[in-house]
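Visitor: Here it is, the structure in full.
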Amino acid sequence: MQRRSKPVAKKAKKARKDEEQITVLLREILAELRRLNTNLERRQQTAAASAEPAEIEDAIDMEDDDENGDSGSEELEYFE
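When we follow the UniProt record's numbering, the leftmost residue of the sequence shown carries the number 1, and every step to the right adds one.
As structure tokens, then:
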């Protein structure tokens, strides 16, 4: 019986080691994703802060047109 338990113990030890390596890799991936997300948020804030007022107004006007359905008004006039 001791012969059987040694291979089982080796397999269990290897499985634990593999799980630990996977855990370390997942933590590294999570840390990298958090870093990238932080960088993205900073860039978006910087871009928003440095945008020209006219660009912001144009973007708002375009959103309003889309919400009101005004974006296709030229086409409707053409067919009328």
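The beta-carbon is built from N, C-alpha and C at its ideal position, and this holds for glycine as well.
Between I29 and T23, what straight-line distance do the alpha-carbon atoms span, to the nearest angstrom?
Guide: Answer to the nearest angstrom: the Cα atoms are 10 Å apart.
Visitor: Alpha carbon to alpha carbon, how far is L26 from S5? Give it in angstroms, no decimals.
Guide: Using only the alpha carbons, I get a separation of about 31 Å.
Visitor: Return the CA-CA distance between A49 and K13, expressed in angstroms with no decimal places.
Guide: Cα-Cα distance, rounded: 54 Å.
Visitor: Hey, how far is the Cα of A31 from the Cα of E20?
Guide: In a straight line, the C-alpha of A31 is about 17 Å away from that of E20.
Visitor: Where D18 and A47 are concerned, what is the direct C-alpha to C-alpha distance, given to the nearest angstrom?
Guide: Distance between the alpha carbons of D18 and A47 is about 43 Å.
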